[in-house]
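K.L.:
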Amino acid sequence: NAGVTQTPKFQVLKTGQSMTLQCAQDMNHEYMSWYRQDPGMGLRLIHYSVGAGITDQGEVPNGYNVSRSTTEDFPLRLLSAAPSQTSVYFCASRRPTPQAYYYTFGSGTRLTVV
Amino acid sequence: ELKVEQNPLFLSMQEGKNYTIYCNYSTTSDRLYWYRQDPGKSLESLFVLLSNGAVKQEGRLMASLDTKARLSTLHITAAVHDLSATYFCAVDIESGGGADGLTFGKGTHLIIQP
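Residue numbers (this note's numbering), protein chains in the order written: chain A, 285 to 398; chain B, -6 to 107.
(1) If I'm right that residue 359(A) touches residue 306(A) with Cβ under 8 Å, what's the distance once you round it to whole angstroms?
(2) Give the secondary structure of residue 383(A) by DSSP, where H, G and I count as helix, E and B as strand, and everything else as coil.
(3) Within the 8 Å Cβ cut-off, does residue 365(A) reach chain B?
(4) Which word fits residue 286(A), buried or exposed, when buried means at least 16 other C-beta atoms lie within 10 angstroms of its C-beta?
(5) Along chain A, in chain order, which residues have C-beta atoms closer than 7 Å to that of residue 99(B)?
(6) What does DSSP give as the partner residues of residue 294(A) in its beta bridges?
(7) What span of residues does the beta strand (DSSP E) with residue 357(A) cover, start to end?
(8) So that I know if they touch, is there some Cβ in chain A lying closer than 8 Å to that of residue 58(B)?
(9) Cβ of residue 336(A) less than 8 Å from any chain B Cβ?
(10) Quick one: measure Cβ to Cβ for residue 318(A) and residue 288(A), integer angstroms, because I've assumed they're closer than 8 Å.
(11) Output the distance between the C-alpha atoms of residue 316(A) and residue 331(A), rounded to the nearest integer angstrom.
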């Protein structure tokens, strides 16, 4: 199993450019999510999805769009990049059990907006 | 607003010493998660604590949960250099339909010196 795969690993964008961060999982998890990690801030939830066709906002959704057309993929779109979006982005899926959720994180995408 | 506070945020210690990282949270969640992150890497799940009084141990790390005090601790026994990393605690963001995702503490950057 590959787990959660994120591409690209590194990206540099100019202010105003758009791009899509890709996330794919092969564990048949219904739930997927995106976090951003900034120095000294921990990880913050951007958007999440509890299944194909269903998405919702997290703590810091502004400037980001998502869609979920398949169980496997959950892309994150930046329509007009801003320097404030410079961050490391992690995608995560999770496996539910009756007691708790078990999250699997991707390896991250380091994005710099200049 | 759910808050998760870790302390200390930075810890430098010598090999062989013991120390404890504290995680306070503001919700009534019965579940708490601990993750480890090495520089430039993804998050590795260490412990999932499921109930009041839960204690889990793995090697030199032991985690506990007191849901009444809304406090979790991560205790390091006889630290070794390989434990140098950033440690995060996290709590479920609960909504009526289940957990939306995780709220993370800011992380404890741990350096263990010979």
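Heads up, the beta-carbon is just placed ideally off N, CA and C, and yes, glycines get one too.
Being a predicted model, the structure only gives us computed values, none of them experimental.
P.N.:
So, from the data block:
(1) 5 Å
(2) Here residue 383(A) sits in coil by DSSP.
(3) no
(4) exposed
(5) 324, 325 and 326
(6) The partner list for residue 294(A) (beta bridge, DSSP) reads 394(A).
(7) From DSSP, residue 357(A) is part of no beta strand (DSSP E); its letter is neither H nor E.
(8) no
(9) no
(10) Between residue 288(A) and residue 318(A) the Cβ distance is about 11 Å, and since that is not below 8 Å, they are no contact.
(11) 9 Å
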